[in-house]
Amino acid sequence: MSEEYSTFISRINGKLGIDLTLYKEVQMKRRLTSLRNKRGFLTFDDYFRALENHTDLLKEFVDRITINVSEFYRNPKRWHVLESSILPYLMNSKEQVTIWSAACSTGEEPYSIALLMKEHYPHKNFKILATDIDENVLVQARQGVYKEQALKDLPVTMREKYFKKDQGLYHLDNKIKELVLFKRHNLLSDNYPKKVDLIICRNVLIYFTDHAKNSIYQHFSNVLNQNGILFVGSTEQIFTPNRFNFRLLDTFFYQKI
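First residue of the sequence shown: 536, per our numbering; consecutive thereafter.
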């Protein structure tokens, strides 16, 4: 790691509380160098000074380092497993279920689970917490307004029942939005929610170093209730789940043992 880049990410950690040494260096440095050059800065020192003085540049920077790509029902086959197998197991074995959508981006995943709960368990006692490190995407998530592309995998019946289309955008029903509590949370440094039954964290950990990834898996295991479930992304299989007191329950689903 070059001294200039090392100094830059140290300053970023001091300013934002985001430790970029825990992200894969090659990918992150390439991404930030591209953004820096795009804005006309030749050095990271000049770029950091600009970030301190221009809120629009800082917002763009945070958006770039936090990967905000999401869709409703992303990877539909896995959501079918969640709907047909995982949720019935949890709902039949618990009086109250606590669900945490970690690194939730603009809200598609926590709202997807909220739609399932509304459809199948409207009278059950449940809580849905959704967190992300980026305050900007949390603002978007709370608004619950999406382009058609974000809904391409959502069952048509749900789209028609819970969304209102206005000028090409889809507005989520307030009754669904009220089911989700959004909060800022840094997976690499903040305290984790406790006594969780289902954690959904998908397509995020691939950007972290192995050390950071293993630490997060251990934290997830620590806060899950016995027999709780972790739902990960398609590129995030845990190859030694027993190391974290998990067992493979279904593809991309791990159960705490």
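Ideal Cβ placement from N, Cα and C applies to all residues, glycine included. In this text, all values refer to a predicted model and were calculated from it rather than measured experimentally.
Neighbour-count burial assignment, residue i, 16 or more Cβ in a 10 Å radius
| i | result |
| --- | --- |
| Tyr-828 | The question about residue 828 has no answer, for the chain in this structure spans 536 to 792. |
| Asn-777 | exposed |
| Ile-792 | exposed |
| Asp-745 | exposed |
| Asp-581 | exposed |
| Glu-643 | buried |
| Tyr-697 | buried |
| His-720 | buried |
CB of residue i within 9 Å of CB of residue j, strictly
| i | j | result |
| --- | --- | --- |
| Tyr-789 | Ile-711 | no |
| Ser-774 | Leu-765 | Before going on, a small fix: residue 774 reads as Phe here, not Ser. Not a contact, by the Cβ cut-off of 9 Å. |
| Val-767 | Leu-740 | yes |
| Phe-583 | Ile-547 | yes |
| Leu-622 | Leu-651 | yes |
| Lys-612 | Val-632 | no |
| Phe-579 | Glu-539 | yes |
| Glu-618 | His-655 | yes |
| Asp-785 | Ser-620 | yes |
| Gln-753 | Phe-787 | no |
Cβ distance (whole Å) where residue i is taken to contact residue j below 8 Å
| i | j | result |
| --- | --- | --- |
| Ile-600 | Ile-735 | With a Cβ gap of about 21 Å, Ile-600 and Ile-735 do not count as contacting. |
| Val-758 | Pro-728 | 6 Å |
| Lys-564 | Phe-743 | Incorrect: roughly 15 Å between the Cβ atoms, too far for contact. |
Simplified DSSP assignment, three categories, for residue i
| i | result |
| --- | --- |
| Ala-638 | coil |
| Leu-689 | coil |
| Arg-613 | helix |
| Val-672 | helix |
| Asp-598 | helix |
| Lys-696 | helix |
| Gly-768 | coil |
| His-706 | strand |
| Tyr-789 | strand |
| Arg-571 | helix |
**OP:** Count the CB pairs spanning the segment 659-670 and the segment 631-639 that are closer than 8 Å, and state whether there are at least three.
**Re:** yes
Subject >> Inter-stretch contact (C-beta, 8 Å, three-pair minimum) for the segment 667-677 and the segment 573-589 >> reply: no
**OP:** Evaluate contact between the segment 685-697 and the segment 604-619, counting only Cβ atoms and requiring at least three cross-stretch pairs below 8 Å.
**Re:** yes
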